[in-house]
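All remarks here apply to the structure that follows.
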Amino acid sequence: MTCSYLFTYLNCSCRISIYVGKIMKIITFKVRNVEKPIFEEINKKFGYKLEIHSESLTMENVNLTKGFDAVIVRVDGSINKEMLDALKANGIKYLLTRTVRTDHIDLEYAHKLGFKMARVPSYSPTAIAELAFAHALMLSRQTLHFGHKGFNKDFTIDPEGFATELKNKTVGIVGVGKIGLAAAKMFKVMTNNVLGFDLYPSEEGKKVVKYTKTLEELVKKSDIISFHCPYIKGKNDKMINDALIKQMKKGVIIVNTARGQIQDEEALLKGLKSGKIQAIATDVLNNEKSIFFKKHAEIENKTFRQLLEFYPRFVLTPHIGSYTDEAVENMVEYTYDNLKEYIETDQCKNAI
Numbered sequence: 001m002t003c004s005y006l007f008t009y010l011n012c013s014c015r016i017s018i019y020v021g022k023i024m025k026i027i028t029f030k031v032r033n034v035e036k037p038i039f040e041e042i043n044k045k046f047g048y049k050l051e052i053h054s055e056s057l058t059m060e061n062v063n064l065t066k067g068f069d070a071v072i073v074r075v076d077g078s079i080n081k082e083m084l085d086a087l088k089a090n091g092i093k094y095l096l097t098r099t100v101r102t103d104h105i106d107l108e109y110a111h112k113l114g115f116k117m118a119r120v121p122s123y124s125p126t127a128i129a130e131l132a133f134a135h136a137l138m139l140s141r142q143t144l145h146f147g148h149k150g151f152n153k154d155f156t157i158d159p160e161g162f163a164t165e166l167k168n169k170t171v172g173i174v175g176v177g178k179i180g181l182a183a184a185k186m187f188k189v190m191t192n193n194v195l196g197f198d199l200y201p202s203e204e205g206k207k208v209v210k211y212t213k214t215l216e217e218l219v220k221k222s223d224i225i226s227f228h229c230p231y232i233k234g235k236n237d238k239m240i241n242d243a244l245i246k247q248m249k250k251g252v253i254i255v256n257t258a259r260g261q262i263q264d265e266e267a268l269l270k271g272l273k274s275g276k277i278q279a280i281a282t283d284v285l286n287n288e289k290s291i292f293f294k295k296h297a298e299i300e301n302k303t304f305r306q307l308l309e310f311y312p313r314f315v316l317t318p319h320i321g322s323y324t325d326e327a328v329e330n331m332v333e334y335t336y337d338n339l340k341e342y343i344e345t346d347q348c349k350n351a352i
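The sequence shown: position 27 = 27 (the working numbering), numbered continuously.
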């Protein structure tokens, strides 16, 4: 698209983009009710025609995209070859994901079809850090243990709920990037013993954590281990495995708000059964699409089912790390800015 096809009309601080004689039309899927006002408010700044749907984008409803220029998706759906062919046939030019992850899109085929695509580079690190900190504190202080007993009308005090104070524990942060650093700062308020492991230690990180030379050194010394590292296919698949767990302290607490692919659920189950692991909180799973974002009468996966039976020693949340007002606002703003940049320059710094 060249500048001859585009001009911007400003009126009352509302940017209305006219593109080939018409207002840019956007359709977005899997928007929760609490997110809808955020979309509507941000869209006012751009003046696009916006259509919001609460359901995921599927082959059953892909025809809804006819007549639109851009589609916004999340990781809940599979944007495979069949879907991409349908979107192309419906006239979609821009494929925008309001996520950091892109593994739900067949990028190679999408490029062949000529889609302009972009992702969200980051969003509120505090959102995920708070979740990790909350999980760790609840498991450490045994609030879930006694809350679960209370739910069952049992208000007795048992030895299983005896807690140690966080100030006396060592916390290990695996992956000291923006999110890991934010989590480390929260833990640092409670304890001075915060270790960190990162392939690329930063000067800012050195002010908060004491870096270990190896991951093994960190897990041997830590009472609580919080994972915030990215998943790199073929590099750290199932890094939380039998071998790593064997090197951890007995009674360790593990928190994973990073990626499901870095954990071996079978190894976690073994650790819980043996007592090597006191408790686990994870916001992610391998093949999590089969579990998350739906209500189940029964869990078919035997390992997942057995893990859930360990509640409250095993806590599973459905990938809610970004489920905060600020994080959603960040993701939607980035998505709109990505589209604007494509329209105005035919390029985007967050292109995929």
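Glycine included, every Cβ here is placed at the ideal spot set by N, Cα and C.
Worksheet item: Considering only residues of the same chain and omitting the five flanking positions on each side of Ile105, which have a CB-CB separation below 6 Å?
Response: Ile79
Worksheet item: For Lys412, which residues from the same chain have a beta carbon less than 7 Å from its beta carbon, with the 5 sequence-adjacent residues on both sides left out?
Response: Since the first and last residues shown for the chain are 1 and 352, residue 412 lies out of range.
Worksheet entry | Lys66, buried or exposed, once every other Cβ within 10 Å from all chains shown has been counted against 16 | Lys66 comes out exposed.
Worksheet entry | 6 Å CB neighbourhood of Thr97 in its chain, flanking five on each side removed | Val73 and Arg119
Discussion item. What does the alpha-carbon distance come out to for the pair Leu316 and Val332?
Written reply: 26 Å
Fill in: Straight-line gap, Glu340 to Phe115 (C-alpha atoms, nearest Å)
Strictly speaking, residue 340 in this sequence is Lys, with Glu absent from that position. Their Cα atoms are separated by approximately 15 Å.
Worksheet item: Does the distance from the CB of Ile173 to the CB of Ser226 come in under 9 Å?
Response: Annotated as proximal: Ile173 and Ser226, with beta-carbon spacing under 9 Å.
Worksheet item: Taking the DSSP output, what are the residues bridged to Met117?
Response: Leu95
Practice prompt. Quick one: residues in its chain with C-beta nearer than 8 Å to the C-beta of Gly175, no 5 flanking neighbours on either side, listed in chain order?
Written response: Phe197, Asp198, Phe227, His228, Cys229, Pro230 and Ala258
Worksheet entry | Residue burial classification, Thr58 (beta-carbon count within 10 angstroms, cutoff 16) | exposed
Fill in: Boundaries of the beta strand (DSSP E) in which Lys49 is found, first to last residue
The continuous beta strand (DSSP E) containing Lys49 extends over residues Lys49 to Ile52.
Worksheet item: Which first and last residues belong to the beta strand (DSSP E) in which Val390 is found?
Response: A question about residue 390 goes unanswered here, because the residues of the chain that appear run from 1 up to 352.
Fill in: Backbone CA spacing between Phe29 and Gly321 [nearest angstrom]
19 Å
Item to complete: Please classify Asn192: does DSSP put it in a helix, a strand, or coil?
Response: coil
Fill in: Own chain, CB closer than 6 Å to Ala267, minus 5 neighbours either side, in chain order
Asn241, Asp242 and Ile245
Discussion item. Could you compute how far the alpha carbon of Tyr48 sits from the alpha carbon of Asn90?
Written reply: 19 Å
Practice prompt. Excluding the 5 residues preceding and the 5 following Gly21 in the sequence, name in chain order all residues of the same chain whose CB lies nearer than 8 Å to its CB.
Written response: Reliability fails at Gly21, whose pLDDT of 49 lies under 50, so the model's placement of it is uncertain and the value that follows must be treated cautiously. Same-chain partners within the cutoff: there are none.
Item to complete: With a threshold of 16 other CB atoms inside 10 Å of the CB of Phe304, please say whether the residue is buried or exposed.
Response: Counting other Cβ atoms within 10 Å of its Cβ, Phe304 reaches 16 or more and is therefore classed as buried.
Discussion item. In the DSSP output, which residue or residues are listed as bridge partners for Tyr211?
Written reply: In the DSSP output, where bridge partners are listed per residue, Tyr211 has Gly196.
Discussion item. If the criterion is Cβ atoms closer than 9 Å, does the pair Ile38 and Glu329 meet it?
Written reply: yes
Worksheet item: Which residues bound the beta strand (DSSP E) around Asn241?
Response: For Asn241, no beta strand (DSSP E) encloses it, and the DSSP letter there is neither H nor E.
Discussion item. When you compare the segment 129-149 with the segment 199-214, are there three or more beta-carbon pairs, one atom per stretch, that lie closer than 8 Å?
Written reply: no
Practice prompt. Can you tell me which of the three DSSP states Phe314 falls into?
Written response: strand
Discussion item. Is the separation between the beta-carbon of Val171 and that of Ala136 shorter than 9 Å?
Written reply: yes
Item to complete: Keeping to the same chain, check which residues put their C-beta closer than 8 Å to that of Ile262; ignore five residues upstream and five downstream.
Response: Excluding residues within five positions, the ones whose Cβ falls inside 8 Å are Phe227, Cys229, Tyr231, Asn236, Asp237, Lys238, Met239, Ile240 and Asn256.
Worksheet item: My guess is that Ile224 and Lys188 are in contact by the Cβ rule of under 8 Å, so how many angstroms apart are they, rounded?
Response: 13 Å between Cβ atoms; not a contact.
Worksheet entry | Inter-residue spacing [alpha-carbon to alpha-carbon] between Thr102 and Ala351 | 11 Å
Practice prompt. Measuring alpha carbon to alpha carbon, tell me which of Tyr323, Ile280, Lys294 and His319 ends up nearest Glu309.
Written response: Ile280
Worksheet item: Between Ile343, Tyr342 and Tyr334, which lies nearest to Ile42 when the distance is taken from Cα to Cα?
Response: Tyr334
Discussion item. Given a cut-off of 9 Å on the beta-carbon distance, is the pair Leu131 and Asp325 in contact?
Written reply: In this structure, Asp325 does not lie closer than 9 Å to Leu131 by Cβ.
Worksheet item: Since Asn256 sits in a beta bridge, which residues does DSSP pair it with?
Response: According to DSSP, which records beta bridges pairwise, Asn256 is partnered with Phe227 and Thr282.
Practice prompt. Evaluate Glu298 with the Cβ neighbour count: other Cβ atoms within 10 Å of its Cβ, from every protein chain shown; 16 or more gives buried, anything less gives exposed.
Written response: exposed
Worksheet item: Is the distance from the Cβ of Pro121 to the Cβ of Val100 below 9 Å?
Response: yes
Worksheet item: Between the Cα of Gly161 and the Cα atoms of Gly251, Lys294, Thr214 and Ala183, which residue gives the shortest distance?
Response: Ranked by Cα distance from Gly161, the first of Gly251, Lys294, Thr214 and Ala183 is Gly251.
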